[in-house]
Amino acid sequence: MDLPLTLNLEQQFNLKIYQDQIRGMSQDQAQDALLEVMRQIMIKDNVIRHLMKATL
Numbered sequence: 028m029d030l031p032l033t034l035n036l037e038q039q040f041n042l043k044i045y046q047d048q049i050r051g052m053s054q055d056q057a058q059d060a061l062l063e064v065m066r067q068i069m070i071k072d073n074v075i076r077h078l079m080k081a082t083l
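Numbered by this note's numbering, the letters in the sequence shown go through residues 28 to 83 in order.
Below, the structure is given as structure tokens:
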């Protein structure tokens, strides 16, 4: 099974937008944004784990 370990063109574009937004933030704002992203990633992991259990 080949995992997609690269970003598609739309994702690359969105990453550039985020990069520009972050560069305009203060350090505190950037840290808050990072914590929010980490929280959302953890929630996504929980949802995926839950869905995998539900399908087995």
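Ideal Cβ placement from N, Cα and C applies to all residues, glycine included.
Query	Result
Which of helix, strand or coil DSSP assigns to residue 65	helix
Integer-rounded CB distance, given that residue 52 should sit under 8 Å from residue 60	7 Å
Pairwise C-alpha distance: residue 31 and residue 44	22 Å
Nearest-angstrom beta carbon gap, residue 42 and residue 34 [assumed within contact, 8 Å]	7 Å
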